[in-house]
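Okay, so the sequence shown: first residue is 1 according to UniProt numbering, each after it adds one. As structure tokens, the structure follows; a few thoughts come after it.
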Amino acid sequence: MTFEGDEEPAGEAPVATVSCVLLAPVDGLGQRGAVVTLDLDRAADLETAGAARRASLRDLQIAGTQGAS
């Protein structure tokens, strides 16, 4: 059921993101060990290049971006 005003604005699809840990310095993102949130395409490119990996729950807790539940 859709209510008036609940629709996404035309042309603005939500962007899927993932948290990653940088395995090497990346210009514009940060130094090795930084936890960053990236769109899926950028994360895939960095993972393929060996410059990043997906962040674990522990990585997020250390970075202070996830609760300690």
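Ideal Cβ positions, reconstructed from N, Cα and C, are used throughout, including at glycine.
- With fewer than 16 other CB atoms across the displayed protein chains lying within 10 angstroms of its CB, L40 is exposed.
- Ranking G64, L29, L23, I62 by CA distance to the CA of A52 puts L23 first.
- Here L60 carries a helix assignment [DSSP, helix/strand/coil].
- When rounded, the separation of the alpha-carbon atoms in A43 and P14 is 16 Å.
- In terms of Cα proximity to A63, the closest of L38, A34, E47, A49 is A34.
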